[in-house]
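Engineer: Pasting a structure below so you can have a look.
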Amino acid sequence: MRRRFSRAIRKVARLGLAQSLEILVSIILQRAILARHEEEVGRLIRDLPRSDIQPKLDRVVFVPTTNGQKATDTLRQMQPDILILAGAGILKSNIFKALPVFRAAVLEDSS
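In structure tokens form, the structure reads like this:
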């Protein structure tokens with residue numbers, strides 16, 4: 003806490019009192035406006051109409067590992083237009099190379 007206070011005092015000395023107060027007030031206002039804005043955005047998102055979309059479970063594929071051979075083979079076979087991952091972690095290059103869009107981008111980039 004003492005270190006923070008010392009840094010604040012040095013900053014006030016460097017910027018001057020008027021500019022320091024302006025920064026402080028703008029931070030307080032920014033946080034107040036942001037909090038109000040986040041509440042409104044949340045309410046608007048909750049109020050959006052929801053369509054009743056049922057996934058085609060026969061097209062959903064679960065693989066044991068995200069970067070494994072089964073995942074790569076499945077992507078090459080399916081050639082998806084869209085890929086949705088949840089909690090997948092970091093993807094390795096073999097996954098990107100298995101996707102048609104990335105393969106095309108790599109081929110175009112290398113020529």
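Numbering of the sequence shown is given in my numbering, commencing with residue 3 and proceeding in unit increments. From the three backbone atoms N, C-alpha and C, an ideal C-beta is built for every residue, glycine too.
In this structure, does DSSP put Phe64 in helix, strand or coil?
Structural biologist: Coil at Phe64, not helix or strand.
Engineer: Following the continuous alpha helix (DSSP H) through Arg4, name the residue where it begins and the one where it ends.
Structural biologist: Where Arg4 is concerned, the enclosing alpha helix (DSSP H) stretches over Arg4 to Leu17.
Engineer: Given Leu85, which residues of its chain have a CB within under 8 Å of its CB, disregarding the five upstream and five downstream residues?
Structural biologist: Counting only Cβ-Cβ distances below 8 Å, and skipping sequence neighbours, we find Leu77 and Leu101.
Engineer: The ligand SAM and Asp83: does any heavy atom of the ligand fall closer than 6 Å to the residue's C-beta?
Structural biologist: By its list of ligands, the structure shown contains no ligand whatsoever, and the ligand SAM lies outside what it can speak to.
Engineer: Classify Pro57 as helix, strand or coil using the three-state DSSP reduction.
Structural biologist: In the structure shown, Pro57 sits in coil (DSSP, three-state: anything other than H, G, I, E or B).
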